[in-house]
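For the record, the sequence lines run as chains A and B.
Here the numbering used here is used: the first residue of the first sequence is -4, the next is one more, and so on.
Here the numbering used here is used: the first residue of the second sequence is 143, the next is one more, and so on.
Data first, discussion second: the structure below is written as structure tokens.
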Amino acid sequence: MKGINIFFRMLIKNLPGLIGSIIILIAVICALFAPLIAPYDPEKPITEDNRMPPNSQHIFGTDEIGMDIFSRIVYATRIDLTIGVLATLLSLSIGIPIGILVGFYEGLFGEIVMRLTDLIQAFPVFIFAMVLVAVLGNKMENIIAAITFLNAPIYLRLVRTEVLSIKGRQFIEAARCAGKSNYHIMFKELLPNSLKPALIQASVNVGWAILLTAGLSFIGAGIRVPTPEWGSMISLGADSIMTGQWWSSFFPGMAIMVTVLGFALFGDFLRTYFNPERR
Amino acid sequence: MTDTILNIKNLHIHFNVNNGSAKVLNGIDLSVKQGHLLGLVGESGSGKSVLAMSMLAYVREPGIIKKGEIFFDKKDILALTEEELQKKYRGKEIGLIAANARAHLNPLLPVGEQIANVYSAHTKKPKKEGRIKAVEILKSVGINDAERRAESYPHELSGGMAQRVMIAITLVNAPRFIVADDCTNGLDVTVAAQVMDLLLLILKERESSGIFITHDLGIVAQCCDEVAIMYSGQIFEQAPVKDFFNKPLHPYSDVLLDSLPERRKAKPEIDTIGNLPNPLQLPNGCLFHPRCPRAQELCLREKPKIRVISPGHTVKCHYPLEN
């Protein structure tokens, strides 16, 4: 496959992109092989000695209840990554087709859809997510649904703007003059040409979704203890930072930061990759 | 062979813009005979490209067809629905070869695939067959190494090659009529000549007819069977090539020919200065009268009608030249 070859050749030359993809790869491996990597059960106190500082047995230490922090961070990638990736994929698959339809047909239908997205985007994201999860109940599916609902308008808008500008380009006119159908013009001509900003945004958005999940869990509206999740782990350890036990908040915080950074760097690489002239 | 394949009658296209209605086409009357290539010549802004698009019954927004009829093979195509046009007419009966070929190609698809897409849009044949057909047609427009070139993206092609691909896309469904909108524009002279030769060869082989839109009277003299002179959205004169270059009838045709470098030596001053009339405020009477060296009082008042001077030679003027 020519396309995949080019992708990897470009990735190797692009250091930030390479770092980003390695971080993502590590996160994915952690999620897939968590039971093999984590030395302890993530949901059970494994020692009487809680708040143990990092040492040779528990490299990231233990938390308030005596659970191994390293094991919990590894297991938490399952939850956080699943939410981040699934929510982003769902919002892409909802936002992009609607964006193309709205951009292509405009008119009253388009106006109505755009005002609805205005309505959704008018609320502060975090507060809206909190309310949605509070109403639906804090289960993983509901967090995914809430993030999807909040992110789909972003892609819709990006794709629509792109379609509006591409629609007037000459190759679309040429497609029309060659007698191609509306369906063909929308999904074979406009779609691939308007996907770029949405895909770049998507990579960054996986990071944001993880951040949002962690934020929700931090205030207690997301995943609940003892299920391992980075945000709830930070909140669990937050009280003891003042008394010097920094590790139970610090390591999950680093996990979030590194993962979000990884997706941001990868998104930046995608921006380069999708510019065909730079290949 | 002398059947008329395309006949445009009194076509008006206006563009409604903020400060009024721009009258871009003001009663086009034009006919092309089966098997002929008509050269359409006019200044920039005279409405050539709008006319080209209208032959595919495609008008850019915010343009509207005010009145007029376009008959292709005796069918009124403006009466067809958008769906009928897309399925049966555009690309299949009439093909457009656009100027600035690279802008008319999808930048993210290999050119072979684009040709295959156009092919399967009309034939409903599987994609595999389209690919084979794409390579075949690329070979026939003189592209070396067609298998490899079919995998190229538009930005990897040179201007001449992109233009050939454009021609290939148009030809893949073997349309009976080809509209070539300034397809030698921006190509250097040798490449332009190759593209022209190719186009002529293909027209001859397939017994297709066409319209060739250009600024270049030289190409018209060499390649076309007929000439039509366009000015401000009207056809001022239509004639067989020989008649036109030997004895132009319209004063505008005359000054146009005088502007050719060869003739300039004999007559260093060009009579007509100024620009095309503003399409938002067209003059009364003959559209050419503000620039016409022969304008008389009648030209200010009354629009001229088409006059047939000799078979196939028509002119829209009150006082045509007599040679």
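Think of the CB as a built atom: it goes at the ideal place given N, C-alpha and C, for glycine as much as any other residue.
Point to revise | Other residues of its chain near Asp215/B: CB distance less than 7 Å, five sequence neighbours each side excluded | key: Counting only Cβ-Cβ distances below 7 Å, and skipping sequence neighbours, we find Ile147.
Check your understanding: Got a sec? Which residues, its chain only, sit under 8 Å from Ser198/A by beta carbon, not counting five neighbours each side?
Key -> Within the same chain, Ser198/A has close Cβ partners Phe258, Ala259, Phe261, Gly262, Leu265.
Review point. Any C-beta of chain A sitting closer than 8 Å to the C-beta of Met143/B?
Key: Per-residue confidence for Met143/B stands at a pLDDT of 45, beneath the threshold of 50, marking its modelled position as unreliable; the derived number appears in the next sentence. Contacts with chain A at 8 Å (Cβ-Cβ) do not include Met143/B.
**Study point:** Near-chain B residues of the region 168 to 197 of chain A - C-beta to any C-beta below 7 Å
**Key:** If the cut-off is 7 Å between Cβ atoms, the region 168 to 197 of chain A has Ala169, Arg171, Cys172, Ala173, Gly174, Lys175, Ser176, His179, Lys183, Glu184, Pro187, Asn188 near chain B.
Exercise for review: Report yes or no: is there a C-beta of chain A within less than 8 Å of the C-beta of Arg405/B?
Suggested key: No, its Cβ sits nowhere closer than 8 Å to a Cβ of chain A.
Check your understanding: Taking Cβ to Cβ, would you say Ala317/B is nearer than 8 Å to Val253/B?
Key -> The identity of residue 317/B in the sequence shown is Pro, whereas the question assumes Ala. Cβ distance not < 8 Å, so Pro317/B and Val253/B don't count as in contact.
Review point. Residues of chain B with CB under 7 Å from Ala166/A, in chain order?
Key: A quick correction: the sequence has Phe, not Ala, at residue 166/A. Simply Ala245, His246, Leu247, Asn248.
Review point. Alpha carbon to alpha carbon, how far is His357/B from Gly184/B?
Key: 6 Å
Check your understanding: Name the chain A residues whose beta carbon is nearer than 9 Å to that of Val260/B?
Key -> Correct list: Ala170, Ala173, Gly174, Lys175.
Check your understanding: If you measure from the beta carbon of Gln380/B to each beta carbon in chain A, is any gap under 8 Å?
Key -> no
Review point. Is DSSP giving Gly482/B helix, strand or coil here?
Key: Not covered by the structure: residue 482/B. The range shown for chain B is 143 to 465.
Exercise for review: Going by CA-CA distance only, name the one from Ala381/B, Cys441/B, Ile361/B, Ala322/B that's closest to Ala240/B.
Suggested key: Ala322/B
Exercise for review: Express the C-alpha separation of Thr254/A and Leu17/A in angstroms, rounding to a whole number.
Suggested key: Reading the sequence as shown, one finds Ile at residue 17/A and not Leu. Those two C-alpha atoms are separated by around 10 Å.
Check your understanding: Thr326/B: buried (16+ other C-beta within 10 angstroms of its C-beta) or exposed?
Key -> buried
Exercise for review: Take the Cβ of Met143/B as the centre, count every other Cβ of all protein chains shown within 10 Å, and call the residue buried at 16 or more, exposed below.
Suggested key: Any reading at Met143/B is ruled out, since the residue's pLDDT is 45, under 50, leaving its predicted position unreliable.
Review point. Of the residues that make up the region 290 to 318 of chain B, which ones have a beta carbon closer than 7 Å to any beta carbon in chain A?
Key: Tyr295, His297, Ile311
Exercise for review: Work out the CA separation of Arg449/B and Ser173/B for me, nearest whole Å.
Suggested key: Using only the alpha carbons, I get a separation of about 15 Å.
Review point. Which residues share a DSSP beta bridge with Lys458/B?
Key: Answer by DSSP bridge pairing, in chain order: Ile448/B.
**Study point:** Three-state secondary structure (DSSP) of Arg306/B
**Key:** helix
Check your understanding: Cβ of Ile212/B within 8 Å of Cβ of Ile150/B?
Key -> At a Cβ-Cβ threshold of 8 Å, Ile212/B and Ile150/B count as neighbours.
Check your understanding: Below 8 Å, can you find three or more Cβ-Cβ pairs linking the region 41 to 61 of chain A to the region 14 to 28 of chain A?
Key -> no
Check your understanding: Are any of the Cβ atoms in chain A nearer than 8 Å to that of Arg232/B?
Key -> yes
Review point. Whose CA, out of Thr208/A, Asp63/A, Leu114/A, lies closest to the CA of Pro48/A?
Key: The shortest Cα separation from Pro48/A among Thr208/A, Asp63/A, Leu114/A belongs to Asp63/A.
Point to revise | Buried or exposed by the 16-neighbour rule on C-beta atoms within 10 Å, applied to Pro119/A | key: Exposed: under 16 other Cβ atoms inside 10 Å.
Practice item. Provide the residue span of the alpha helix (DSSP H) that contains Pro148/A, from first to last. Key: 135 to 162
Point to revise | In chain order, each beta strand (DSSP E) run of at least 3 residues that lies wholly inside the region 308 to 373 of chain B | key: 319 to 323, 351 to 356, 368 to 373
**Study point:** Partner residues on chain A for Asn242/B, Cβ-Cβ distance less than 8 Å
**Key:** Gln165
Review point. On the premise that Glu404/B lies in contact with Val383/B, defined as a C-beta separation below 8 Å, what is that separation, rounded to the nearest angstrom?
Key: With 8 Å as the limit, Val383/B and Glu404/B do not qualify as a contact, their Cβ atoms being about 16 Å apart.
Point to revise | Phe28/A - containing alpha helix (DSSP H), residue span | key: No alpha helix (DSSP H) contains Phe28/A, which DSSP labels as neither H nor E.
Review point. Per DSSP, Gly379/B forms a beta bridge with which residues?
Key: Here residue 379/B turns out to be Glu, not Gly, going by the sequence shown. Partner(s): Ile371/B, Val457/B.
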